[in-house]
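Reviewing the structure listed below.
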Amino acid sequence: NRLKGHKLLIDAFEAVRVECPNTKLCFIGSPPEGQEYFLEDIVELINNKKLSSVITILPFQEDIYSIIDALDIIVVPSTEPESFGIIAVESMLSNTAVVASDLGGLADVVSHNETGILFEPNNSHALSEAILKVIKDENFKKHIESNAYQKAKELFSSETMTNKFIGIYNTIS
Numbered sequence: 001n002r003l004k005g006h007k008l009l010i011d012a013f014e015a016v017r018v019e020c021p022n023t024k025l026c027f028i029g030s031p032p033e034g035q036e037y038f039l040e041d042i043v044e045l046i047n048n049k050k051l052s053s054v055i056t057i058l059p060f061q062e063d064i065y066s067i068i069d070a071l072d073i074i075v076v077p078s079t080e081p082e083s084f085g086i087i088a089v090e091s092m093l094s095n096t097a098v099v100a101s102d103l104g105g106l107a108d109v110v111s112h113n114e115t116g117i118l119f120e121p122n123n124s125h126a127l128s129e130a131i132l133k134v135i136k137d138e139n140f141k142k143h144i145e146s147n148a149y150q151k152a153k154e155l156f157s158s159e160t161m162t163n164k165f166i167g168i169y170n171t172i173s
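Okay, structure coming up:
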């Protein structure tokens, strides 16, 4: 939908490809019913920029972890605040580097330069710089992935969440 930042990411991706021409981009997800025009607009933009050979669009996936595991970086370029940003947590639990907009729930989940990179929302230059930092600095990438996995496991794993729900339930019963 409009707040996901697809067009922003495409603009940033063009700048990334100047320095890293072998980089590819994969969008994952489907538009909500009645909002298919968002996808049509993205496909048109990709075609107009002649990027269809390096950008793939996959529809909604039940088993997101197998796809996340195959990717090097997950980018969450939301242009408006999201309440949580579950894909960031899923990526952290998969030991995959996260680059996300510094707003809403994403800013609560991702700690800048510790568990991922937060970039200034709606700023394609800041986004491309963040992506390039992860691509070019393998040690930094490993650092944030390791920290992110530990944080996500500690705060958001199924076991942790179950224990939190049980604790809440026990206080009200």
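Position 51 of the sequence shown, counting from 1, maps to 51 under my numbering, and the rest follow consecutively.
Built from N, CA and C at the ideal position, the CB exists for glycine as well.
Predicted model only: the values in this text are computed from it and were never measured.
- Per DSSP, CYS20 has no beta-bridge partner at all.
- Within the model, the alpha-carbon separation for ALA126 versus LEU51 is close to 21 Å.
- The C-alpha of GLY104 lies about 25 Å from the C-alpha of GLU159.
- Residues ALA152 of the same chain have their beta carbon placed closer than 6 Å to that of LEU93, with the five preceding and five following residues left out of the count.
- The C-alpha of ASN163 lies about 44 Å from the C-alpha of ARG17.
- If you ignore the 5 residues before and after GLY29, its C-beta comes within less than 7 Å of the C-beta of PHE60, all in its own chain and listed in chain order.
- Ranked by Cα distance from GLU36, the first of SER101, ASN1, GLY167 and ILE64 is ASN1.
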